[in-house]
Amino acid sequence: MVNRFRYYYRKLKGDIQANRYIYSPKDLLSNADNSNDVFNQIYSKNTWGSTESSSGRGSEIQHTKTLLKKLNRLIKDLGLKSILDAPCGDFNWMKHLDRTGISYIGVDIVNDLIDSLNAKYAHDSKLTFQIGDIIAGGLPEVDLIFCRDCLVHFSFENIQQALSNFKKSRSKYLLTTTYTDRLVNRDIQTGGWRPINLEMAPFNFPKPVKIVHENNLDDQGMYFDKCMALWKLSDIHI
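If you want the working numbering, it's the position in the sequence shown, counting the first as 1, plus 2.
Encoded structure:
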């Protein structure tokens, strides 16, 4: 009886969450023709509203300290030598990553961001920043594709396209954002936002190799289930 109650409670909670936590900037989306336009407008208008990072509050140092420590440990444990950060955003917190022995490639769809990063880090031969669109493809082969706070902004169709391109790159691992307590995923227009659980339909990922909890306490703990989950790309079937 107790287990059945917990099941229905979680299901109801998941249904409520799926509908409640959907963000859709209608004015912005209605004036954009494609994902390139959407995210360039988001950047130029600072839609996410952070005073520290153009990539939003989730990329502020105070919100990434725990993740940074765990990511450094994971990289060492897996013996990774190359990372694709897709999208890299403004590199606000990832600049503090321990990149000893690591080749880092950051890609982003926002031209001005990439131009700024290339100018700022031109002296660092182990850093590469490129204009790129994970929906369109053409991604390099690396040990790890790091995709944080990105797929949550994509429609189901664009998520599938991005995942397909990740697999086509022949990279080994994918570390990406998932919300482990969500039971229902809702479709949105690309450029909006909602939490997704990649182990639920329509994605149906297998159990991840590892889960890295971000320990997110924002908004009274509503997103405490936010994690970075690690999968072998060969285990993901599109």
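Heads up, the beta-carbon is just placed ideally off N, CA and C, and yes, glycines get one too.
Which whole runs of the beta strand (DSSP E) in the stretch 82–158 are 3 residues long or more, in chain order?
-> 84–87, 105–110, 129–133, 146–149
Separation of PRO210 from PHE202, as counted between CA atoms | This sequence places Met at residue 202; Phe is not what is there. Near 12 Å, if we compare the C-alpha coordinates of PRO210 and MET202.
On the DSSP bridge assignment, give the partners of ILE213 in chain order.
-> ALA231
Excluding the five sequence neighbours on either side, which residues of its own chain have a C-beta within less than 6 Å of the C-beta of GLN163, listed in chain order?
-> ILE137
Which two residues bound the contiguous alpha helix (DSSP H) that contains LEU76?
-> Per DSSP, the continuous alpha helix (DSSP H) segment holding LEU76 begins and ends at 67–80.
Opposing strand residues paired with LEU165 [DSSP bridges] = Paired residue(s): none; LEU165 is not in a bridge.
Starting from the Cα of THR192, find the closest Cα among ASN218, LEU165, CYS152 and give me that residue.
-> CYS152
Indicate whether the contact test is met: 3 or more Cβ pairs, each with one atom in the stretch 164–180 and one in the stretch 113–123, closer than 8 Å.
-> They do not touch, by the three-pair rule.
For PHE131 versus LEU141, is the C-beta spacing smaller than 9 Å?
-> no
Please report the residue range of the beta strand (DSSP E) in which THR180 lies.
-> 175–181
Assign ILE240 to one of two classes, buried (16 or more other C-beta atoms within 10 Å of its C-beta) or exposed (fewer than that).
-> exposed
Please check the pair SER157 and ASP189, which I expect to be a contact at CB under 8 Å, by giving their CB distance rounded to whole angstroms.
-> 6 Å between Cβ atoms; contact.
Mind checking ASN167: buried by the 16 CB within 10 Å criterion, or exposed?
-> buried
Going straight from the alpha carbon of ASP110 to that of ASN160, what length do you get?
-> Rounded to the nearest angstrom, the two C-alpha atoms are 15 Å apart.
Of the choices TRP233, ASN217, GLY103, whose alpha-carbon is the least far from that of PHE207?
-> TRP233
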